[in-house]
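Just so we're aligned: the sequence shown equals residues 33 to 239 in this note's numbering. Glycine is no exception: its CB is placed at the ideal position from the N, C-alpha and C atoms. Note that this is a predicted model, so its numbers are computed, not measured.
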Amino acid sequence: MQRVMARQRLIFYYALFISLLLTLLLGCSRQRDENWQLTQVRHHLPDLDFALTDDQGQKVSAQTYQGQITLVYFGYTHCPDVCPETMARLMLALSKLGDDARAVRILFISIDPARDTPTSMHRYVRAFDAEHVTGLTGTLSQVEALAKRYRVAYQSEKPDTDNRYEVMHSSAIYIFDQKGQAQLMATAADSADNIAHDLRILLQPSS
C-alpha cells in the first residue's frame with residue numbers, strides 16, 4: 033500500500049511539473065527558432081544564482097562557473113532510477129561534443145541534503161564523470177530556496193525504520209550560457225542528440 037501511495041504521489045508531482053511547464057510555455061512570448069531542439073526559456077527563468085558546497089567541501093557560487101555552459105539538475109544520490117537515467121543521458125550528450133565538452137559543466141544539486149554530504153556526492157559524481165560533473169549540496173533552507181527559484185517540485189517520503197526513503201521530484205535540466213543566463217530546458221522527452229545539438233549552438237561564439 034505504501035508503494036502504491038508513493039507512486040500516486042509521484043504521478044501527482046509529475047503532473048505538477050507538466051502543469052508548470054505548460055504555464056511557462058504559454059506565458060512565453062518567445063520567437064520560435066527551428067534550429068533549437070529544446071525548450072527556450074531565455075528571459076523567463078532567472079539567471080544562475082546560488083551559494084552551496086561542492087563535492088570537495090568547498091564553498092562555491094554561480095560565479096565559480098562563469099565562462100562555462102552549465103547544465104543544472106536537481107536530484108539525489110539515493111535516487112533509484114530517474115537520476116541515474118538522466119545522468120547517463122547527459123553523459124551521452126557530452127560524449128557527442130568531443131573536445132568541446134570541456135566548456136560544459138553539469139551541476140548535480142542535491143534535494144536530499146540530510147543524506148547527501150559532500151563526501152557522498154563526490155562518490156556519486158565520480159561514478160559518472162568527475163571531469164564534467166560537480167555535486168552540490170547545502171542546508172535545507174538553501175536547497176528549498178534554490179528549488180523554488182527554478183520551480184522544482186519535490187517531496188520526501190516518510191522514512192522507514194531503517195531511515196530509507198525516496199524523494200519524488202521533477203526531472204528538468206536547466207541550461208545556462210557562459211554568462212549564467214537561463215537559455216534552455218530539457219525534459220525526459222529530450223534525447224541526448226537533442227541536448228548535444230543545442231549545446232553546440234550555445235558553444236558557438238555568436239550564440
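Enclosing alpha helix (DSSP H) for residue i [first to last residue]
i    : result
R147 : Here R147 belongs to no alpha helix (DSSP H), and DSSP marks it neither H nor E.
R232 : 224-235
C181 : In the sequence on display, residue 181 carries Arg and not Cys. From DSSP, the alpha helix (DSSP H) with R181 extends over 172-181.
Cα-Cα separation, residue i to residue j
i    : j    : result
T109 : A204 : 16 angstroms
V165 : S173 : 23 angstroms
A220 : V104 : 14 angstroms
D241 : D131 : The chain is shown from 33 up to 239; residue 241 falls before or after that span and cannot be answered.
H76  : A162 : 31 angstroms
A133 : D192 : 41 angstroms
R137 : A224 : 15 angstroms
I227 : A125 : 6 angstroms
V199 : C111 : 7 angstroms
Q72  : A218 : 9 angstroms
I207 : K190 : 32 angstroms
G89  : P150 : 6 angstroms
Delimiting residues of the beta strand (DSSP E) encompassing residue i
i    : result
R121 : Where R121 is concerned, there is no enclosing beta strand (DSSP E), although the alpha helix (DSSP H) it sits in stretches over 114-127.
D241 : Nothing about residue 241 can be read from this structure; the chain reaches only from 33 to 239.
G167 : 165-169
V104 : 101-107
Cutoff 7 angstroms; reference residue i; Cβ partners in own chain excluding five residues on either side
i    : result
C115 : G107, Y108
T324 : Absent from the model: residue 324. The displayed extent of the chain is 33 to 239, so no value can be given.
Y182 : L77, Y206
Y197 : S188, E189, K190, P191
D148 : Y108, T109, S142, T169
Same chain only: Cβ atoms within 8 angstroms of residue i, ignoring 5 sequence neighbours per side
i    : result
W68  : L216, D230, I233
K128 : A224, D225, A228
Integer-rounded CB distance, given that residue j should sit under 8 angstroms from residue i
i    : j    : result
G167 : F140 : 5 angstroms
A94  : L235 : Between L235 and A94 the Cβ distance is about 19 angstroms, and since that is not below 8 angstroms, they are no contact.
Cβ neighbours of residue i in the same chain (closer than 6 angstroms, five flanking residues each side left out)
i    : result
L178 : F82
R155 : none
N195 : none
T96  : none
Any contact of the segment 74-86 with the segment 202-220, i.e. 3+ C-beta pairs under 8 angstroms?
Flag = yes, the segment 74-86 and the segment 202-220 touch.
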